[in-house]
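Going by our numbering, the letters in the sequence shown line up with residues 83 to 479, in that order.
From the three backbone atoms N, C-alpha and C, an ideal C-beta is built for every residue, glycine too.
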Amino acid sequence: MPGFELFGDLEKKEVNDVLDNGVLMRYGFDGMRNGHWKAKDMEKALEITFKVNHAQLVSSGTAAISVALAAAGVGAGDEVILPTFTFVASFEAVMMLGAVPILVDIDDTLTLCPKAVVNAITPKTKAVMVVHMCGSMGHLDALQDICSKHSLLLIEDACQAIGATYKSKPLGSIGDLGCFSFDFVKTITCGEGGAVITNNKDYYINSDHYSDHGHDHIGNDRGAESHPFLGYNFRISELHAAVGLAQIKRLPEILKIQQTNYTILRDALSQIPEVTFRTVPEGGEENYSFLNFFLPDLETSLKVSNAFKTHGVDACFQYYNNNWHYIRKWNHLKELKSLFPISSEVKTGLEYLKTKQFPQSDHYIGRNISCLIKLSWSEAEVKARASKMVEIIKASL
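As structure tokens, this is what we get:
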């Protein structure tokens with residue numbers, strides 16, 4: 083998801099604005115800024131791009147999830163349903179608030195299985211977090227219906243799918259709150275950064291205050307501001323926001339290049355009968371940051387993955403034994419290996435992970451290979467890559 087591949091004069095100009103005025107903090111120092119407010123400008127750009135009323139920049143995608151949940155009142159003892167295939171940040175952000183992550187199976191979208199979500203709901207359930215992994219989405223209509231029926235929050239973790247849409251609505255704008263990451267290897271990057279977006283004014287105000295020690299941001303004297311409730315420091319710097327401001331202006335350019343390269347690869351692999359592709363719900367359009375495909379079984383998928391590496395086809399991931407993105411290797415979570423004592427509510431709430439199996443998730447992740455789409459490839463390089471991938475897959479079947 084390499085926005086950094088397109089760094090250029092626009093990013094340099096925005097960063098130099100900040101360096102020239104010397105104000106690296108997003109709040110205060112009004113007289114020194116020469117009119118430059120990069121974080122505010124990026125928030126406005128996010129609101130326009132994703133067709134929402136409010137955007138709040140924070141320090142990371144992980145912070146965005148914690149801030150979004152806290153802003154909506156999720157906390158100690160509450161259960162948050164999320165998928166077995168995600169990044170560890172998803173459950174970390176839940177646990178940071180004293181809430182309990184309830185992991186459930188994925189389906190062929192590589193995101194939450196609606197039936198598994200329904201089966202996991204208890205009186206303690208407060209939210210459902212759909213994680214739009216590898217550039218695409220889950221069955222959002224079904225998930226919205228479930229959340230509406232059970233009076234649950236729908237949180238979108240769109241950190242890996244910025245720019246994708248569902249029924250012409252940007253991912254992140256569909257649930258009660260949406261979360262983005264702008265770390266170094268996301269579709270657009272700040273180096274480090276994240277954002278919460280929402281149409282709910284109360285959630286926005288809570289996010290704004292909570293991410294800055296509870297500051298209410300009323301008036302022009304930061305030292306005289308009130309703190310209506312407890313908060314923490316999840317602020318983004320002006321330097322990071324400056325890079326992101328330039329990058330979001332380039333999002334259409336990035337998506338177009340990704341779609342072109344994705345299409346060449348997919349068209350080539352489509353000629354192999356044994357290759358099938360992840361399901362994208364009707365009305366959905368990926369952001370084309372990854373090409374995800376399934377092979378007949380785990381053994382073939384592992385064989386192809388190893389052959390890709392041997393023959394120089396880089397950035398293709400087989401997640402079945404991955405330490406960071408799939409539940410099988412999350413022993414630090416299952417065994418609660420923490421530097422500090424874990425609350426009894428969380429300990430009790432996570433007992434299920436000691437014995438719980440996820441055969442449906444294994445079925446999809448075991449057969450999946452997820453290939454990153456780079457921006458720097460020439461057309462000839464993409465076609466050569468496609469031919470090599472086809473050759474390797476056919477030889478492995």
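Classify residue i as buried or exposed, calling it buried when 16 or more other Cβ atoms lie within 10 Å of its own Cβ.
| i | result |
| --- | --- |
| S250 | exposed |
| N369 | buried |
| T191 | buried |
| D189 | buried |
| K436 | exposed |
| A202 | buried |
| L312 | exposed |
| F376 | buried |
| E473 | exposed |
| T131 | buried |
| N374 | buried |
| K338 | exposed |
| Q353 | exposed |
| T204 | exposed |
| A477 | exposed |
| Q340 | buried |
| E161 | buried |
| G440 | The sequence as given places Phe at residue 440; Gly does not occur at that position. The residue in question, F440, is buried, as its Cβ has 16 or more Cβ neighbours within 10 Å. |
| Y434 | exposed |
| G220 | buried |
| I451 | buried |
| S308 | exposed |
| I300 | exposed |
| A175 | buried |
| G366 | buried |
| T430 | exposed |
| A324 | buried |
| D258 | buried |
| E93 | buried |
| G117 | exposed |
| K120 | buried |
| A198 | buried |
| P183 | buried |
| P252 | buried |
| A154 | buried |
Using a Cβ-Cβ cut-off of 8 Å (strictly less than) and excluding sequence neighbours within five positions of residue i, which residues of its own chain qualify?
| i | result |
| --- | --- |
| R304 | Y109, G110, H297 |
| M178 | S148 |
| A127 | L327, I330, K331 |
| H393 | K470, I474 |
| A158 | L179, G180, A181, S425, E427 |
| T358 | F375, F376 |
| K438 | L185 |
| K385 | S478 |
| D294 | Y109, G313, N315, F316, R317 |
How many whole angstroms separate the CB atoms of residue i and residue j, which I take to be in contact at a CB cut-off of 8 Å?
| i | j | result |
| --- | --- | --- |
| T193 | I163 | At roughly 12 Å, the Cβ-Cβ gap does not stay under 8 Å, so T193 and I163 are not in contact. |
| L225 | P196 | 6 Å |
| A328 | E96 | 5 Å |
| M107 | S289 | About 18 Å separates the two Cβ atoms, so there is no contact after all. |
| R360 | S218 | 6 Å |
| A152 | Y292 | 5 Å |
| V200 | D239 | In fact, because the Cβ distance is near 20 Å, the residues do not count as touching under 8 Å. |
| D187 | Q442 | 4 Å |
| Y408 | T144 | The pair is not a contact, with the Cβ atoms about 18 Å apart (cut-off 8 Å). |
| D112 | N302 | 7 Å |
| V156 | A243 | About 22 Å; that fails the 8 Å criterion. |
| P334 | E356 | Between E356 and P334 the Cβ distance is about 35 Å, and since that is not below 8 Å, they are no contact. |
Got a sec? Which residues, its chain only, sit under 7 Å from residue i by beta carbon, not counting five neighbours each side?
| i | result |
| --- | --- |
| V464 | N343, I346, L347 |
| L321 | V97, V100, L106 |
| S255 | F132, K133, V134, I279 |
| A468 | I346, L347, A350 |
| I336 | G85, L88, T269, I270, L457 |
| T382 | S478, L479 |
| I455 | Q340, N343, Y344, Y370, S371, F372, L373 |
| K391 | none |
Using C-beta distances below 6 Å, list every residue in its chain close to residue i, excluding the 5 sequence neighbours before and after it, in chain order.
| i | result |
| --- | --- |
| L380 | G448 |
| R115 | N103, V105 |
| A397 | L454 |
So does residue i have its beta carbon nearer than 7 Å to some heavy atom of the ligand SAM?
| i | result |
| --- | --- |
| C272 | Looking for the ligand SAM in the displayed structure turns up nothing, as the structure carries no ligands at all. |
Open item on the list: Quick check for students: name the residue ranges of the beta strand (DSSP E) that lie wholly in the stretch 304-381, counting only runs of 3 or more.
Closed with: 372-376
TODO: Could I get the ranges of all uninterrupted beta strand (DSSP E) runs contained in the stretch 147-186, with 3 residues as the minimum, in chain order?
DONE: 161-165, 182-186
Open item on the list: Can you confirm whether the stretch 256-270 touches the stretch 135-150 when touching is taken to mean that 3 or more C-beta pairs between the two stretches lie within less than 8 Å?
Closed with: yes
- [ ] Indicate whether the contact test is met: 3 or more Cβ pairs, each with one atom in the stretch 398-406 and one in the stretch 241-248, closer than 8 Å.
- [x] no
Open item on the list: At 3 residues or longer, what runs of the beta strand (DSSP E) sit wholly inside the stretch 393-455?
Closed with: 450-454
TODO: Taking only runs that begin and end inside the stretch 239-271, name each unbroken beta strand (DSSP E) of 3 or more residues, in chain order.
DONE: 259-263
- [ ] Mind listing, in chain order, the continuous alpha helix (DSSP H) runs of no fewer than 4 residues lying wholly within the stretch 108-146?
- [x] 120-131
Open item on the list: Please give me, in chain order, every unbroken run of the beta strand (DSSP E) with length at least 3 that falls completely inside the stretch 196-225.
Closed with: 207-213
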